[in-house]
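Enquirer: Just passing along the structure, written as structure tokens.
Protein chains: 2
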Amino acid sequence: MADIHPEHAHIIEQTKANMPSEEILEKTADVFKVFGDKTRIRILSALSEGEMCVCCLCDLLEMSQSAVSHQLAVLKSARLIKSRREGKQIYYSLDDAHIGAILCTGISHVEED
Amino acid sequence: MADIHPEHAHIIEQTKANMPSEEILEKTADVFKVFGDKTRIRILSALSEGEMCVCCLCDLLEMSQSAVSHQLAVLKSARLIKSRREGKQIYYSLDDAHIGAILCTGISHVEED
DNA sequence: AATACATATGAATATTTGTTCATATGTTCA
DNA sequence: TGAACATATGAACAAATATTCATATGTATT
Chain A
2 MADIHPEHAH IIEQTKANMP SEEILEKTAD VFKVFGDKTR IRILSALSEG EMCVCCLCDL
62 LEMSQSAVSH QLAVLKSARL IKSRREGKQI YYSLDDAHIG AILCTGISHV EED
Chain B
2 MADIHPEHAH IIEQTKANMP SEEILEKTAD VFKVFGDKTR IRILSALSEG EMCVCCLCDL
62 LEMSQSAVSH QLAVLKSARL IKSRREGKQI YYSLDDAHIG AILCTGISHV EED
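First to last, the sequence lines map onto chains A and B.
Under the numbering used here, think of the first position of the first sequence as 2, with each following residue one higher.
Under the numbering used here, think of the first position of the second sequence as 2, with each following residue one higher.
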């Protein structure tokens, strides 16, 4: 960790002043981290078509119930999805429109190439 | 991995048909994965204020040159940033406006709460 | 109440990943 | 050309994480 070059001090201060707080940046990274897994993206993509129960997701993703439930728990604790029970089944859906928007932004970025 | 419930077959097929390809979804997850680290988010946030050389970033982030360079390499290979050399220094900047937009979307999501 | 079904969850394991340390590469200037 | 500076990079290690396996919880049905 070298010393700060005096001629950089100004631009560093200015940039720092314009950046969001460390707390916001850390939370932002944490949100993206949750989007940054193939299984979770597949789940979010499926749910963006409408709510779906766990076993439906397992069938669709061709993954074990346990693996899917674990990832649903991650998504839920990050508040990207919400759930409601109907009898024996639990239906999951995107928590709000914002989530679908973030997903779309990412997909568009990949598709435009 | 249980059998597919026959009554789910239709909704599963329909959902599948509307979802992006596995390849797109995997690439999307990979993009978000790169955004999903505090150091990289801090770098991207700094660069969204304008281009900056490596040592400036080290000073700003208060991190070792090696750690910063490693993350710059990750960001560059994911095409989120680009670089240009000027003398001994190398200046990094966001690769295109899209990157700043994705970053902003994430930050807004965190800030609105 | 007992059984079957749908989902959740703890522990263990294997893989991925971020930082550090040491060193290599490339540029400038004397 | 040699020394100093800016940056990159390989290897090693520690920490984080996704899946599996086994099992627990909660609901409906008989």
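C-beta: ideal position from N, C-alpha, C; glycine also.
State the Cα-Cα distance for the pair Q90 (chain B) and C57 (chain B), rounded to the nearest angstrom.
Expert: In a straight line, the C-alpha of Q90 (chain B) is about 10 Å away from that of C57 (chain B).
Enquirer: Quick check on DSSP: helix, strand or coil for S22 (chain A)?
Expert: The answer is coil: DSSP assigns S22 (chain A) none of H, G, I, E or B.
Enquirer: Output needed in chain order: residues of the region 6 to 23 of chain B with a Cβ under 7 Å from some Cβ in chain A.
Expert: Flagged, chain order: H6, H9, I12, I13, T16, K17, N19, M20, P21.
Enquirer: With which residues is S70 (chain A) paired in a DSSP beta bridge?
Expert: Beta-bridge pairing links S70 (chain A) to no other residue.
Enquirer: Looking at C-alpha atoms only, which residue of B:C105, B:I100, B:S67 is the closest neighbour of H110 (chain A)?
Expert: Closest option to H110 (chain A), Cα to Cα, is B:I100.
Enquirer: State yes or no: is the beta carbon of I119 (chain A) nearer than 8 Å to at least one beta carbon in chain B?
Expert: Residue 119 (chain A) lies beyond the range of chain A shown here (2 to 114); nothing can be said about it.
Enquirer: Check K77 (chain A) in the structure and name its three-state DSSP category.
Expert: Here K77 (chain A) sits in helix by DSSP.
Enquirer: Under three-state DSSP, which class holds E63 (chain A)?
Expert: Here E63 (chain A) sits in coil by DSSP.
Enquirer: Name the chain A residues that come within less than 9 Å of R86 (chain B), Cβ to Cβ?
Expert: Going along chain A, no residue has its Cβ under 9 Å from R86 (chain B), so there is no contact; the nearest lies around 18 Å.
Enquirer: Given P21 (chain B), which residues of its chain have a CB within under 8 Å of its CB, disregarding the five upstream and five downstream residues?
Expert: Excluding sequence neighbours, P21 (chain B) sits near T29.
Enquirer: Does H71 (chain B) have its Cβ less than 8 Å from a Cβ in chain A?
Expert: Not closer than 8 Å to any Cβ of chain A, the Cβ of H71 (chain B) fails to qualify, so no.
Enquirer: Assuming L81 (chain B) contacts V35 (chain B) under a Cβ cut-off of 8 Å, what Cβ separation, rounded to an integer in Å, is found between them?
Expert: 6 Å between Cβ atoms; contact.
Enquirer: Among B:T106, B:R41, B:L62, which one has its Cα closest to the Cα of A74 (chain B)?
Expert: The shortest C-alpha separation from A74 (chain B) is found at B:R41.
Enquirer: Could you name the residues of chain B that K39 (chain A) contacts, counting a contact when the two beta carbons are closer than 7 Å?
Expert: Within chain B, the residues near K39 (chain A) are L26, E27, A30.
Enquirer: Any idea if S65 (chain B) is buried or exposed, counting beta-carbon neighbours within 10 angstroms, 16 or more meaning buried?
Expert: With fewer than 16 other Cβ atoms within 10 Å, it is exposed.
Enquirer: I'd like the span of the beta strand (DSSP E) that includes S49 (chain A), first residue to last.
Expert: From DSSP, S49 (chain A) is part of no beta strand (DSSP E); its letter is neither H nor E.
Enquirer: Can L26 (chain A) and S46 (chain B) be called in contact, C-beta distance under 8 Å?
Expert: Taking 8 Å as the Cβ cut-off, L26 (chain A) and S46 (chain B) qualify as a contacting pair.
Enquirer: Determine the direct distance from the alpha carbon of E8 (chain B) to that of K39 (chain B), and round the result to whole angstroms.
Expert: Computed Cα separation, rounded: 44 Å.
Enquirer: Given that a residue counts as buried once 16 or more other Cβ atoms are within 10 Å of its Cβ, and exposed if not, what is S67 (chain A)?
Expert: Result: exposed.
Enquirer: Determine, for S78 (chain A), whether the minimum Cβ-Cβ distance to residues of chain B falls below 8 Å.
Expert: It does not; no Cβ of chain B falls within 8 Å.
Enquirer: In terms of residues, what are the limits of the beta strand (DSSP E) holding E87 (chain A)?
Expert: First-last of the beta strand (DSSP E) with E87 (chain A): 82 to 87.
Enquirer: Across which residues does DSSP place I91 (chain A) in a beta bridge pair?
Expert: In DSSP, I91 (chain A) forms a bridge with A:R86.
Enquirer: Per DSSP, which residues does C54 (chain B) bridge with? Please list them.
Expert: DSSP output for C54 (chain B) lists B:Y92 as bridge partner(s).
Enquirer: Would the beta-carbon of V32 (chain B) fall within 8 Å of that of A79 (chain B)?
Expert: Yes, Cβ-Cβ distance for V32 (chain B) and A79 (chain B) is below 8 Å.
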